[in-house]
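Residue numbers (my numbering): 81 to 437.
Structure (structure tokens):
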């Protein structure tokens, strides 16, 4: 206490100095965020002005109709007419790299990114599933917001970032649905389900583990049991490691990782089928286990029925998986993937439409 009395003035000055530095840092950060926001707004305004000028001068490229080819129920493609299958529903599934429960909303930028993306085509008549894998680095228009959640407009960005601009729950999912729908020519996506990637391990262990073959170099650095060429029954954190692992020093490692994710989905599905054949409550327990780690616009009885119908119908084979076609580009900072819209159109028609006679 005597030291504090003798140095009270010094301590007071230090406290004032720290407070002043904190205020300066806060103001500087605020200025930086404001400048960043104004730069984004200016860029979006410039792009919108350029697009309007091109339209007014007759400079439109002529493919505007192609951009939203699938926004209606009837589609004309290569001289043939197609109708949207009303009994085939589109369900966007997202794995979000966010630790912990997803019960609370978050500030923009803190809700995680969509680390894994796939669109399920659910045939409600045949009770079958087909899965379209979507590269997370796909470049497409997404909605941008400021830190308060105010929308600034759209810009060409990595698809997986669309989730981060939302609230970590419904708004994030809606931004993802909007972005994926735009990527797929305006295709209507009825349902969404997002889950924190930490739920993978919980689901994995609830079914007693999932067996996979390690086909990627370097995974043993994360877990010594995950050696290339070995067949391993994944337990605990191993499941999340397997699904999420990629070598960031290898170009387009996120694309290669999709092969791991496809293998895991197939094996998990098969494991659930085997377990459900003698345990009628397994599917319900799986969803109950991760209830607080997921966000969906489906009612519980709805997603349970989808899961049970799919599990009871048969296996998922390689023929049931599709990947958005396109080309990967390496930039100095990030990998980018550009979808081939011409090659993508027949895939969407096959999954969600039927040809009219």
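Where is the CB? At the ideal position from N, CA and C, for every residue including glycine.
Alpha helix (DSSP H) segment containing residue i, residue limits
i, result
"residue 378", "Careful: residue 378 lies outside any alpha helix (DSSP H) and carries neither H nor E."
"residue 164", "Premise fails: residue 164 lies in the beta strand (DSSP E), 160-164, not in any alpha helix (DSSP H)."
"residue 425", "421-432"
"residue 320", "317-324"
"residue 285", "279-286"
DSSP-derived helix/strand/coil call for residue i
i, result
"residue 371", "helix"
"residue 312", "strand"
"residue 147", "helix"
"residue 250", "helix"
"residue 408", "strand"
"residue 211", "strand"
"residue 294", "coil"
"residue 363", "helix"
"residue 401", "strand"
"residue 117", "Note that residue 117 scores 47 on pLDDT, short of 50, meaning its location in the model is unreliable; the coordinates nonetheless yield the value given after this. DSSP places residue 117 in helix when its eight states are reduced to three."
"residue 355", "helix"
"residue 155", "strand"
"residue 274", "strand"
"residue 265", "coil"
"residue 331", "coil"
"residue 175", "strand"
"residue 190", "coil"
"residue 418", "strand"
"residue 169", "strand"
"residue 300", "helix"
Among the options, nearest to residue i - alpha-carbon criterion
i, options, result
"residue 167", "268, 263, 235 and 264", "268"
"residue 301", "326, 278, 281 and 311", "326"
"residue 368", "217, 389, 223 and 282", "282"
"residue 410", "393, 360, 359 and 329", "329"
"residue 353", "277, 366 and 210", "366"
"residue 363", "318, 272 and 385", "385"
"residue 376", "333, 206, 286 and 176", "176"
"residue 343", "264, 236, 324 and 387", "324"
"residue 182", "244, 392 and 373", "373"
"residue 403", "172, 198 and 334", "198"
"residue 216", "312, 334, 275 and 261", "334"
"residue 174", "254, 314 and 405", "254"
"residue 172", "163, 219, 189 and 275", "275"
"residue 184", "248, 318 and 291", "248"
Residue i, buried or exposed, once every other Cβ within 10 Å from all chains shown has been counted against 16
i, result
"residue 252", "buried"
"residue 320", "buried"
"residue 380", "exposed"
"residue 398", "exposed"
"residue 200", "buried"
"residue 304", "exposed"
"residue 293", "exposed"
"residue 436", "exposed"
"residue 191", "buried"
"residue 170", "buried"
"residue 414", "exposed"
"residue 210", "buried"
"residue 153", "exposed"
"residue 360", "exposed"
"residue 439", "Nothing about residue 439 can be read from this structure; the chain reaches only from 81 to 437."
"residue 195", "buried"
Neighbour flag for residue i against chain D, beta carbons, 8 angstroms
i, result
"residue 393", "Among the protein chains of the structure shown there is no chain D, as only one such chain exists."
Endpoints, beta strand (DSSP E) assigned at residue i
i, result
"residue 182", "No beta strand (DSSP E) contains residue 182, which DSSP labels as neither H nor E."
"residue 234", "231-238"
"residue 202", "194-203"
"residue 223", "219-225"
Closer than 7 angstroms: residue i CB and nearest the ligand MG heavy atom
i, result
"residue 435", "Among the components of this structure there are no ligands whatsoever, and the ligand MG is therefore not found."
*Are three or more beta carbon pairs between the region 421-430 and the region 221-234 nearer than 8 angstroms?*
no
*Does the region 200-217 come within contact of the region 154-163, defined as at least 3 CB pairs closer than 8 angstroms?*
no
*Touching or not, the region 412-425 and the region 342-357, by the rule of three or more beta carbon pairs under 8 angstroms?*
no
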